[in-house]
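K.L.:
With our numbering applied, the first sequence has no gaps in its numbers, which climb one by one up to 1138 at the end.
Attaching a single structure in structure tokens format; questions to follow.
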Amino acid sequence: MDTLHAPHDPLLAGLNPEQLTAVTWPAKSALVLAGAGSGKTRVLTTRIAWLLQTSQIAPSGLLAVTFTNKAAREMQTRLASLVPVNVRTMWIGTFHGLCNRFLRTHWRDAGLPQTFQILDSADQQSAIKRLLKALELSDEKFPPKAVQGFINGQKEAGVRAEALSAHDPYTKKLIELYAAYDAQCRREGVADFAELLLRSYEVLAANKALAEHYRTRFHHILVDEFQDTNRLQYAWLTLLAGRDNALFAVGDDDQSIYAFRGAEVGNMRALMHDYGIAAPIRLEQNYRSAGNILNAANAVIEQNDGRLGKNLWTDAGEGETLRLYEAYSDGEEAEFIVDEVRALKREGLSLADIAVLYRSNAQSRILEHVLVKAGLSYRIYGGLRFFERQEIKHALAYLRLMVNPDDDNALLRIVNVPARGIGARSVESLLAAGREQGVTLWQAACGSGTGNKKLGTFVLLIDRLRERAEGLALAEAISLAIDDSGLRAMYQEDKKDGEERLANLDELINAAAGFFPDDPDNALVEFLTAAALEAGEHQAEAGQDALQLMTVHAAKGLEFDAVFVSGLEEGLFPHENSLADSKGLQEERRLMYVAMTRARQRLYLSCAQQRMLHGRSSYPIRSRFVDEVPTELVKVLSSRPKPMPINQRAPWLDAAPSSADRNAAGQRSADSGGWRIGQSVEHAKFGLGVVINAEGSGDDIRLQINFAEHGVKWLDLRYAKLVPA
DNA sequence: AGGGATGCTATTTTT
DNA sequence: TAGCATCCCT
């Protein structure tokens, strides 16, 4: 590194000049354009450490915000290794985590119950469904997801229902729904994710003294992944920063891949404008990837416009060229990848250092299929997380009810789980009672008195649980709830997957035993909050060495020795839903950029000429992104002919026997009676090819096949020996 | 209360 | 194609 400029302070040793500039930036706002693999996290944590070490700020005077819990944890861990501070007491966390902390302190100002509970997306959706039912609106006309999107979108723009107006009746109704939903949440003492942010913002905006208090406190505000902030988050940050505090934002506009959920890359320019930042500090030296990979990625991202501008470089040499493989079919693409992974493994790479990336989750299926066949261990990111499991949600619902009985979502979830004779009609009348009296279901259940004996027993159960949990350690309280609610017994009866669910419930008790609350008297509320804000790892650690499979989105922030970017086809990557406007396409290109910059040494690009999509064969063309990579950086591993365009299908093909469907799905079948256009086949003499046309019927069928080595031929099925390939 | 039939849809996802 | 949600029936 640059020893000439590096001061003697060991904290700063080894930083390159740009990193050093960023770390030792004076107490004023800055935007750091941090390219992939440029040491972003290091800069962020080292700056905090430097500010502390040089006594420019006390640990309490600093606010550091990230998007994910993982990033927050990493920052805390690394900071703790640099300077002797208690990172737990510092305001380092996610936007939502910090807002939650704020609201737990200022719950009165925020008009929330002290024990308010947090709705995750699924909870929010069921709350909305319930609301739609209560208002007798068809979820045909008002799809819960759309309503949810509307509400969250407005909240993330900082807009309440009262501030909205519309002329068309549909939007009017949506606004009404938004208002009714918020009223419902208030009644039940719950807050959704966006609400945490908006409410915090509003409390600060409405309370000058409080805002001033925090502004006097937080002289340095640091933000990670700034390109992912939404409007509300930016407003919240600027509110806290005021005029005098330093807003130190780190981000990369080229890695902005979350516009679809409200991220505003424009916040980067806004920050420069609003805080008089003349130019961003650019971190362009990359410590991750070989030169060829960087040059390829640079060439692709250059096709975008409106960039702040950045060019990654490395002094580590060119490394290997990229490899491109064009397969006949999705199945053959998967086989290629698996073969190649095996070869890499033989060369000494461990599977955990290899990743297969794809644009959409559905693509993992075929890869899994081939991996299982090959006996390679793999790990797929995505899917159900721990706190999203049914049995965990059930258990948490009991706990939530103990803490806040007005939580209707929680009550509805478990009022009859396990079955206690409170069926649909009892629930209906309870809902009706609540609606009539304008109270929560719990209040209605208590009020009904002798009306429903079974409901009374349920109320008693919850009350007794609450009393008995008093004074118990967290893990014991949870264990008690699981036992006395009957959940444990219920899963003991369940032959199907009861065993696994019981194991998960025990895991929940374990998690509670290892949970250290800030305030022991408030352990249960804190635990429930943590469960909502941090739903857990995406999948249990596979433990052993396993190939990593994930979407490109999930790969952001990670790196691997070898990376396969698969399914590089028009319509898939870039995805067809993004092709309508250039904004969408440019986000897809950033996605490609993210994918490519995950690789340290070797980068494979692959695509297929035939792919099953929504149950049909499609014949995509190779992604434009592949062609945006300079050819001299790519070694083409295969160049096989594309199937001819299909102008007309033979009528009999559309009524193909079921065996044809199975063949088309990529499974080998002993019965090779049916063939499909686009299907890969193998011929003893001509080798591999693709069916491109057909004629005849019954015994007299002729197929036109495009062979890789021998070109296009017509074959008579009566004589030709063909096998699916 | 749960299982089977039916129908619809089909990116990306953290908190 | 397949996964799901919903509905209807037992």
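Cβ atoms here follow ideal geometry from the backbone N, Cα and C, with glycine treated the same way.
Pick out whichever of Glu1000, Leu1130 and Lys483 has its Cα sitting closest to the Cα of arginine 772.
P.N.:
For the purposes of this step, residue 772 is taken as the residue at position 359 of the first sequence. That would be Glu1000, whose Cα lies nearest to the Cα of arginine 772.
K.L.:
Just checking my contact of leucine 801 with alanine 948 at CB under 8 angstroms: how many whole Å lie between their CB atoms?
P.N.:
Position 388 of the first sequence, counted from the start, is the residue given in the question as residue 801. Position 535 of the first sequence, counted from the start, is the residue given in the question as residue 948. The sequence as given places glutamate at residue 801; leucine does not occur at that position. That pair is a contact at about 6 angstroms.
K.L.:
Going by C-alpha distance, which of Ile634, Asn923 and Tyr594 is nearest lysine 441?
P.N.:
As a working mapping, residue 441 is identified with position 28 in the first sequence. Taking only the C-alpha atoms, the option nearest lysine 441 is Ile634.
K.L.:
In the stretch 601-632, which residue ranges form an unbroken alpha helix (DSSP H) of at least 4 residues, counting only runs that do not cross its ends?
P.N.:
Listed in chain order, they are 606-619 and 621-630.
K.L.:
Report all residues from its chain with a CB closer than 6 angstroms to the CB of leucine 590; omit the five preceding and five following residues, and keep chain order.
P.N.:
In the first sequence, counting from the first residue as 1, residue 590 sits at position 177. Closer than 6 angstroms at the Cβ level, and outside the excluded window around leucine 590, lie Val560.
K.L.:
Is the stretch 876-896 in contact with the stretch 905-912, if contact means three or more CB pairs nearer than 8 angstroms?
P.N.:
Cβ pair count under 8 angstroms is below three, so no.
K.L.:
In terms of alpha-carbon separation, which member of Ile588, Arg813, Glu697 and Ser702 lies closest to alanine 1008?
P.N.:
Numbered from its first residue, the first sequence carries residue 1008 at position 595. Of Ile588, Arg813, Glu697 and Ser702, the residue nearest in Cα terms is Ser702.
K.L.:
Taking 8 angstroms as the threshold (C-beta atoms), are glutamine 1022 and valine 1103 in contact?
P.N.:
Stepping through the first sequence from its first residue, residue 1103 is reached at position 690. Stepping through the first sequence from its first residue, residue 1022 is reached at position 609. Contact: yes.
K.L.:
Have a look at Leu550, Thr434, Cys512 and Ala443 and flag the residue whose alpha-carbon is nearest the alpha-carbon of glycine 689.
P.N.:
One-based indexing of the first sequence puts residue 689 at position 276. Glycine 689 has its Cα closest to that of Ala443, out of Leu550, Thr434, Cys512 and Ala443.
K.L.:
What would DSSP say about glycine 506, mapped onto helix, strand or coil?
P.N.:
Walking along the first sequence from the start, residue 506 turns up at place 93. In this structure, glycine 506 counts as strand in the three-state DSSP scheme.
K.L.:
Do you know offhand how far phenylalanine 631's Cα is from leucine 465's?
P.N.:
Your numbering for residue 631 matches position 218 in the first sequence. Your numbering for residue 465 matches position 52 in the first sequence. Spanning the two alpha carbons is a distance of roughly 13 angstroms.
K.L.:
I'd like to confirm the pairing. Which residues does DSSP put opposite asparagine 1119 in its beta bridges?
P.N.:
For this step, residue 1119 is matched to residue 706 along the first sequence. Partner(s): Val1103 and Val1125.
K.L.:
For asparagine 724, count neighbouring C-beta atoms within 10 Å of its own C-beta (all shown protein chains included) and say buried if the count is 16 or more, exposed if not.
P.N.:
If you number the first sequence from 1, residue 724 lands on position 311. It counts as exposed.
K.L.:
Drop a sphere of 10 angstroms on the beta-carbon of serine 473, count the other beta-carbons inside from all chains shown, and report buried for 16 or more, exposed for fewer.
P.N.:
Taking the first residue of the first sequence as position 1, residue 473 is located at position 60. It counts as exposed.
K.L.:
Roughly how many angstroms separate the alpha carbons of leucine 764 and methionine 1025, rounded to a whole number?
P.N.:
By 1-based counting over the first sequence, the position of residue 764 is 351. By 1-based counting over the first sequence, the position of residue 1025 is 612. Approximately 27 angstroms, taken between the alpha carbons.
K.L.:
Let me know the secondary structure DSSP gives arginine 881 once reduced to three states.
P.N.:
Position 468 of the first sequence holds residue 881. Of the three classes helix, strand and coil, the one that applies to arginine 881 here is helix, per DSSP.
K.L.:
Do alanine 624 and leucine 652 come within 8 angstroms of each other at the CB atom, strictly closer than that value?
P.N.:
Here residue 652 refers to the residue found at position 239 when the first sequence is read from its first residue. Here residue 624 refers to the residue found at position 211 when the first sequence is read from its first residue. A contact, by the Cβ cut-off of 8 angstroms.
K.L.:
Which runs of the alpha helix (DSSP H) fall wholly inside the stretch 950-1019 and span at least 4 residues, in chain order?
P.N.:
Listed in chain order, the complete alpha helix (DSSP H) runs (minimum 4 residues) inside the stretch 950-1019 are 965-968 and 995-1009.
K.L.:
What does a CB cutoff of less than 6 angstroms around proline 930 pick up in its chain, not counting 5 residues either side in sequence?
P.N.:
In the first sequence, counting from the first residue as 1, residue 930 sits at position 517. Excluding sequence neighbours, proline 930 sits near Ala936 and Glu939.
K.L.:
Cβ of isoleucine 750 within 8 angstroms of Cβ of serine 979?
P.N.:
Counting from 1 along the first sequence, the entry for residue 750 is found at position 337. Counting from 1 along the first sequence, the entry for residue 979 is found at position 566. Yes, the pair counts as a contact, with Cβ atoms nearer than the cut-off.
K.L.:
Using only the alpha-carbon positions, how far apart do valine 1166 and threonine 518 sit?
P.N.:
Outside the shown range of the chain, which is 414 to 1138, sits residue 1166, and nothing can be said about it.
K.L.:
Measuring only the C-alpha atoms, how far is valine 678 from phenylalanine 480?
P.N.:
In the first sequence, residue 678 corresponds to position 265, counting from 1. In the first sequence, residue 480 corresponds to position 67, counting from 1. Spanning the two alpha carbons is a distance of roughly 15 angstroms.
K.L.:
Using the DSSP secondary-structure output, state which residues sit across from glutamine 530 in a beta bridge.
P.N.:
Taking the first sequence and counting its residues from 1, the one referred to as residue 530 is at position 117. According to DSSP, which records beta bridges pairwise, glutamine 530 is partnered with Val603.
K.L.:
If you check the beta carbons only, do valine 603 and glutamine 530 fall under 8 angstroms apart?
P.N.:
Start at 1 with the first residue of the first sequence, and residue 603 comes out as number 190. Start at 1 with the first residue of the first sequence, and residue 530 comes out as number 117. Yes, they are a contact pair.
K.L.:
Output yes or no for whether 8 angstroms exceeds the beta carbon distance between serine 991 and leucine 985.
P.N.:
One-based indexing of the first sequence puts residue 991 at position 578. One-based indexing of the first sequence puts residue 985 at position 572. It is not a contact, given that the beta carbons lie outside the stated cut-off.
K.L.:
With DSSP as the reference, please indicate the residues paired to serine 1093 in a beta bridge.
P.N.:
Within the first sequence, numbered from 1, the residue matching residue 1093 stands at position 680. Bridge partners of serine 1093: Val1103.
K.L.:
Tell me lysine 1048's beta-bridge partners as DSSP assigns them.
P.N.:
Position 635 of the first sequence, counting from 1, holds the residue named residue 1048. In the DSSP output, where bridge partners are listed per residue, lysine 1048 has Arg736.
K.L.:
Quick check: what's the CA-CA separation for leucine 544 versus leucine 844?
P.N.:
Numbered from its first residue, the first sequence carries residue 544 at position 131. Numbered from its first residue, the first sequence carries residue 844 at position 431. Approximately 11 angstroms, taken between the alpha carbons.
K.L.:
What is the DSSP secondary structure of arginine 1137, reduced to helix, strand or coil?
P.N.:
Sequence index remark: in the first sequence, residue 1137 carries index 724 (1-based). Per the sequence shown, the amino acid found at residue 1137 is proline instead of arginine. Proline 1137: strand per DSSP, three-state reduction.
K.L.:
Would you report the Cα separation of serine 898 and valine 872, rounded to the nearest angstrom?
P.N.:
Position 485 of the first sequence, counting from 1, holds the residue named residue 898. Position 459 of the first sequence, counting from 1, holds the residue named residue 872. Between serine 898 and valine 872, the C-alpha separation is close to 11 angstroms.
K.L.:
To which residues does DSSP link glutamine 698 through a beta bridge?
P.N.:
As a first step, residue 698 must be located in the first sequence, where it is residue number 285. According to DSSP, glutamine 698 bridges with Trp726.
K.L.:
Output needed for aspartate 641: all residues of its chain with C-beta closer than 8 angstroms, excluding positions within five of it in sequence on either side, in chain order.
P.N.:
Along the first sequence, one-based indexing puts residue 641 at 228. Within the same chain, aspartate 641 has close Cβ partners Phe480, Gly664, Ser669, Tyr671 and Ala676.
K.L.:
With distances taken from CA atoms, which of Ile470, Tyr738 and Arg674 is nearest lysine 568?
P.N.:
The residue you call residue 568 lines up with position 155 of the first sequence. Taking only the C-alpha atoms, the option nearest lysine 568 is Arg674.
K.L.:
Whole angstroms are fine: how far does the CA of threonine 467 sit from the CA of alanine 426?
P.N.:
Locating residue 426 in the first sequence gives position 13, where the first residue counts as 1. Locating residue 467 in the first sequence gives position 54, where the first residue counts as 1. Spanning the two alpha carbons is a distance of roughly 15 angstroms.
K.L.:
Let me know if isoleucine 694 comes out buried or exposed under the rule of 16 or more other beta-carbons within 10 Å of its beta-carbon.
P.N.:
Here residue 694 refers to the residue found at position 281 of the first sequence. Buried, because 16 or more other Cβ atoms sit within 10 Å of the Cβ of isoleucine 694.
K.L.:
Can you list, in chain order, the stretches of the beta strand (DSSP E) that have 3 or more residues and sit fully within the stretch 513-585?
P.N.:
Taking only runs of at least 3 residues, the beta strand (DSSP E) segments lying wholly in the stretch 513-585 are 530-532.
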